[in-house]
Every structure is written in C-alpha cells, then in structure tokens.
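K.L.:
Can you keep this structure in mind? I'll have questions shortly.
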Amino acid sequence: MTTQMTGKVAVVTGGSSGIGFATAEAFLREGARVAICGRSQETLDAAASELARIAGPDQVFAYTCDVLEEEAVQAFATSVGDRFGRCDALVCNAGQARTSNFSNTSDQDWRDEFELKFFSVLRPVRAFIDMLEGSGAGAIVCTSAMLARAPEPFLIATGATRAGQLNLLKSLSKEFAPKNIRVNAVLIGLVDSGQWSRRFESGEGPDGSKIPIGLSKEDWFIELAKSRHIPLGRLGTPTEAANAILFFASPMASYITGETIEVTGGQARNV
Ligand code: NDP
Numbered sequence: 188m189t190t191q192m193t194g195k196v197a198v199v200t201g202g203s204s205g206i207g208f209a210t211a212e213a214f215l216r217e218g219a220r221v222a223i224c225g226r227s228q229e230t231l232d233a234a235a236s237e238l239a240r241i242a243g244p245d246q247v248f249a250y251t252c253d254v255l256e257e258e259a260v261q262a263f264a265t266s267v268g269d270r271f272g273r274c275d276a277l278v279c280n281a282g283q284a285r286t287s288n289f290s291n292t293s294d295q296d297w298r299d300e301f302e303l304k305f306f307s308v309l310r311p312v313r314a315f316i317d318m319l320e321g322s323g324a325g326a327i328v329c330t331s332a333m334l335a336r337a338p339e340p341f342l343i344a345t346g347a348t349r350a351g352q353l354n355l356l357k358s359l360s361k362e363f364a365p366k367n368i369r370v371n372a373v374l375i376g377l378v379d380s381g382q383w384s385r386r387f388e389s390g391e392g393p394d395g396s397k398i399p400i401g402l403s404k405e406d407w408f409i410e411l412a413k414s415r416h417i418p419l420g421r422l423g424t425p426t427e428a429a430n431a432i433l434f435f436a437s438p439m440a441s442y443i444t445g446e447t448i449e450v451t452g453g454q455a456r457n458v
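Everything in the sequence shown is counted per my numbering, starting at 188 for the first residue and increasing by one.
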C-alpha cells in the first residue's frame with residue numbers, strides 16, 4: 188500500500204520546525220512536492236536547504252510569511268500556484284501554545300490566542316481553497332491538540348480555542364465535502380519539538396514548575412512523560428505526529444472527513 192502522494196503538492200504552514208518540518212519531510216519521501224512557510228527567514232532557509240537534500244531543490248518551495256497576515260498568506264498561495272500549479276493538501280500547522288491560567292490571562296491574551304488558533308486556519312484555507320477544489324481530491328489537515336478535549340488549567344486559552352477550532356473544522360468538513368475536500372485534525376499530546384526545547388531552555392515547565400538545574404533535556408522529557416501519565420512512557424517524535432498528518436492528507440484517507448486522530452502515546456483518557 189502506498190500513500191499515493193507522488194506528483195501531488197502539499198503546503199505546510201510552520202513547516203520550518205518541529206512537526207511541520209517532519210511533515211514536509213514525510214511528503215517529500217512519498218514523492219510529493221512541498222511548500223512551507225514560517226516567519227523567520229533564517230529558520231526557513233535552513234529548513235528549505237535540509238529538505239532540498241531529500242528530493243532536490245525543485246521539489247521544495249519556501250516562503251516567508253506570518254499566517255495571521257491575510258495579504259501575505261494570499262501572496263504565498265499565489266506563489267505556490269506560480270511555482271507548482273496546484274495544491275492537493277494544506278496542513279494548517281503553524282502556531283504554539285500559550286501557558287497561562289485564568290488569573291494571568293488578559294483580555295488581549297484571549298484575543299491573541301483566538302486570533303492565532305482561528306485565523307491560522309481561516310486565512311490559509313481561504314487562500315488555498317480554489318486550488319484544493321481544483322485538485323479534485325483536496326485535503327486540509329490541522330495540527331491540533333489533545334487539549335481541545337482534555338483542558339489543562341495552565342493552558343486555559345489554548346485549550347478553549349483549540350476546542351473551538353475543532354468545532355470550526357467539523358463545519359468546514361461539511362461545507363467542503365461537495366467540493367471533495369476533506370478536513371481532519373491530528374490531536375497532539377506531547378511531541379518533542381521546538382516548543383518543548385524552548386520551554387526547557389527557559390528553565391520553566393508549562394505549569395510554571397521550575398526545571399531542576401543540571402537536569403538534561405532528555406531526563407526532563409522522561410519526567411514530563413511520567414508526570415503526565417503517558418502510558419508509552421515518553422514524548423512523541425515529530426515524525427510520529429507527521430505520519431498521522433500524512434495519512435489524513437493522502438488518498439489513503441479518502442473516505443474520512445471531519446475526524447481526528449489522537450497522537451498522545453495513550454495519554455488521552457477519553458474513550
Ligand atoms: P515548533 O515551534 O517546532 O514549530 C512551529 C512552527 O510554526 C515553526 O515553523 C514556526 O516558525 C511556525 N509559526 C509559528 N507561528 C507562526 C505564524 N504566525 N506564521 C507562520 N508560521 C508560524 O512547534 P511544534 O512543531 O510543536 O508545533 C506545531 C503545531 O503543533 C503548533 O500548532 C502547536 O501548537 C501544535 N501542537 C504541538 C504540541 C507539541 O507537544 N509539540 C502539542 C499540541 C499541539 P516561525 O517561528 O519562524 O514563524
């Protein structure tokens with residue numbers, strides 16, 4: 188069985204790091220062409236060079252843009268059209284979590300988190316929808332979070348907006364089904380990515396706990412897995428998240444829309 192991605196074009200927002208980068212790698216290995224975007228030119232250039240080593244520079248397109256800037260996202264889509272002529276899969280992956288609880292989340296923080304979680308989907312979808320329809324078998328996949336179903340008080344705004352995002356994706360799946368565009372989400376638990384490396388470097392866990400001085404990142408990850416009761420006993424890898432995204436984006440999932448896959452190492456407690 189193959190993913191049947193050969194010759195297709197996949198767009199990955201936030202494809203310059205972590206899960207998005209691993210997803211771009213996975214598409215290239217399956218014979219697709221890939222367009223990625225991110226805000227930092229430097230990170231994007233480094234990612235594009237690394238990706239080009241997998242399948243050659245002709246297969247990779249990198250574009251600097253913030254997914255929250257409508258005109259920039261539209262220009263990204265136009266450039267993808269100019270470069271590759273099509274888009275078969277759109278992965279809305281760009282973003283990050285906001286660690287705060289009720290008492291230290293300001294109204295502006297709530298607005299910012301709403302903006303990130305909703306418009307990081309709405310703007311790319313609006314920009315790429317015509318190409319996805321033109322594909323004849325388009326797919327939208329959102330990298331979302333287990334938090335959408337299992338809120339944590341120290342990630343209050345991220346959990347609430349991720350839950351709303353799932354609701355939005357379900358509506359999109361119904362509206363776009365007649366265009367033969369599927370819409371699904373991968374719900375991540377804890378995956379070892381740029382976000383978690385940055386938290387380790389900051390010396391503070393997402394719940395505000397101090398990371399003991401001298402503890403290595405690897406040992407902190409093991410402690411995290413224990414404290415979060417992850418049955419598989421470790422954080423996931425970006426590639427493990429990417430595999431689920433690739434599945435939803437590919438024709439292998441051609442009869443699946445409006446659904447989720449949880450990539451949590453068994454952490455999710457719901458049935
Ligand atoms: P990383 O920080 O490694 O990657 C995030 C990527 O998104 C980078 O390429 C970053 O590039 C890009 N990005 C962030 N904001 C924007 C923006 N406004 N416009 C364009 N690009 C942007 O983190 P992850 O791989 O962990 O995160 C990927 C997704 O998975 C995120 O949506 C995250 O919330 C979600 N997730 C991750 C979990 C985990 O445990 N890792 C858990 C649950 C959900 P740049 O900064 O240069 O813009």
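Yeah, the Cβ is synthetic: ideal placement off N, Cα and C, and Gly gets one too.
Got a sec? Which residues, its chain only, sit under 8 Å from Glu-302 by beta carbon, not counting five neighbours each side?
P.N.:
Leu-255, listed in sequence order.
K.L.:
Counting along the chain, where does the alpha helix (DSSP H) carrying Leu-374 start and finish?
P.N.:
No alpha helix (DSSP H) contains Leu-374, which is instead part of the beta strand (DSSP E) from 368-375.
K.L.:
For the segment 369-382 against the segment 420-436, are there 3 or more C-beta pairs whose distance is under 8 Å?
P.N.:
Contact between the segment 369-382 and the segment 420-436 is present, because at least three Cβ pairs lie under 8 Å.
K.L.:
Count the other CB atoms, across all protein chains shown, that sit within 10 Å of the CB of Thr-210; report buried if there are 16 or more and exposed otherwise.
P.N.:
With 16 or more Cβ atoms within 10 Å of its Cβ, Thr-210 is classed as buried.
K.L.:
Ala-314 to Gly-401, Cα distance in whole Å?
P.N.:
Each residue's alpha carbon lies about 47 Å from the other.
K.L.:
Using only CA atoms, which one of Ala-249, Pro-438 and Leu-309 lies nearest to Gln-352?
P.N.:
Among Ala-249, Pro-438 and Leu-309, the Cα nearest to that of Gln-352 belongs to Leu-309.
K.L.:
Do you know whose CA, among Ala-455, Ser-437, Ala-234 and Gln-454, lies nearest Val-195's CA?
P.N.:
According to the sequence as given, residue 195 is Lys; it is not Val. Per the Cα distances, Ser-437.
K.L.:
When you measure from the CB of Arg-336 to every non-hydrogen atom of the ligand NDP, does any distance come out below 7 Å?
P.N.:
Incorrect: Arg-336 has no Cβ contact closer than 7 Å to the ligand NDP.
K.L.:
Verify the contact flag: Val-450, CB atom, against every heavy atom of the ligand NDP, threshold strictly below 7 Å.
P.N.:
No, since every heavy atom of the ligand NDP falls outside the 7 Å radius drawn around the Cβ of Val-450.
K.L.:
Whether or not the segment 337-355 and the segment 316-328 are in contact is what I'm after, with contact meaning three or more pairs of Cβ atoms, one per stretch, closer than 8 Å; do they touch?
P.N.:
Touching, no, given that fewer than three Cβ pairs across the two stretches are closer than 8 Å.
K.L.:
According to DSSP, is Phe-305 part of a helix, a strand, or is it coil?
P.N.:
Three-state DSSP puts Phe-305 in a helix.
K.L.:
DSSP three-state call for Thr-251: helix, strand or coil?
P.N.:
Three-state DSSP puts Thr-251 in a strand.
K.L.:
Since Asp-296 and Ser-287 are thought to touch, with beta carbons under 8 Å apart, how far apart are those beta carbons, to the nearest angstrom?
P.N.:
Right, their Cβ atoms sit about 6 Å apart.
K.L.:
Which residue wins for smallest C-alpha separation from Glu-217, given the options Asn-291, Met-188 and Ile-206?
P.N.:
Selected option, being the one with the closest Cα: Met-188.
K.L.:
By how many angstroms is the C-alpha of Lys-366 removed from the C-alpha of Arg-386?
P.N.:
Each residue's Cα considered, the two are about 41 Å apart.
K.L.:
With distance defined between alpha-carbon atoms, name the residue in Thr-251, Arg-421 and Ala-364 nearest to Ala-443.
P.N.:
Checking the displayed sequence, the identity of residue 443 turns out to be Ile instead of Ala. Comparing Cα positions, the closest option is Ala-364.
K.L.:
Rounded to the nearest angstrom, what separates Lys-506 and Asp-269 at their Cα positions?
P.N.:
Because the chain is modelled from 188 through 458, residue 506 falls outside the range shown and cannot be assessed.
K.L.:
Under the criterion of a Cβ to heavy atom distance below 7 Å, does Thr-190 qualify as lining the ligand NDP?
P.N.:
Not under cutoff, so the answer is no.
K.L.:
Note down the Cα distance separating Thr-248 from Ala-222, rounded to an integer number of angstroms.
P.N.:
With the sequence shown as reference, residue 248 is identified as Phe, and Thr is not the correct amino acid for it. Approximately 4 Å between the Cα atoms of the pair.
K.L.:
Where Asp-379 and Lys-361 are concerned, what is the direct C-alpha to C-alpha distance, given to the nearest angstrom?
P.N.:
Cα-Cα distance, rounded: 33 Å.
K.L.:
Which residues in the same chain as Phe-214 place their Cβ atom closer than 7 Å to its Cβ, once the five residues preceding and following it in sequence are excluded?
P.N.:
Excluding positions up to five away in sequence, the list reads Met-192, Ala-197, Val-221 and Leu-433.
K.L.:
Cα-Cα, which of Arg-349, Asp-253 and Ala-219 is closest to Ser-203?
P.N.:
The shortest C-alpha separation from Ser-203 is found at Asp-253.
K.L.:
Can you give the Cα-Cα distance for Thr-292 and Pro-338, rounded to whole angstroms?
P.N.:
Approximately 15 Å between the Cα atoms of the pair.
K.L.:
In this structure, how does DSSP classify Gly-205 when only helix, strand and coil are distinguished?
P.N.:
If DSSP states are grouped into helix, strand and coil, Gly-205 belongs with the helices.
K.L.:
Please report the straight-line C-alpha distance between Asp-275 and Leu-319, rounded to a whole angstrom.
P.N.:
Between Asp-275 and Leu-319, the C-alpha separation is close to 5 Å.
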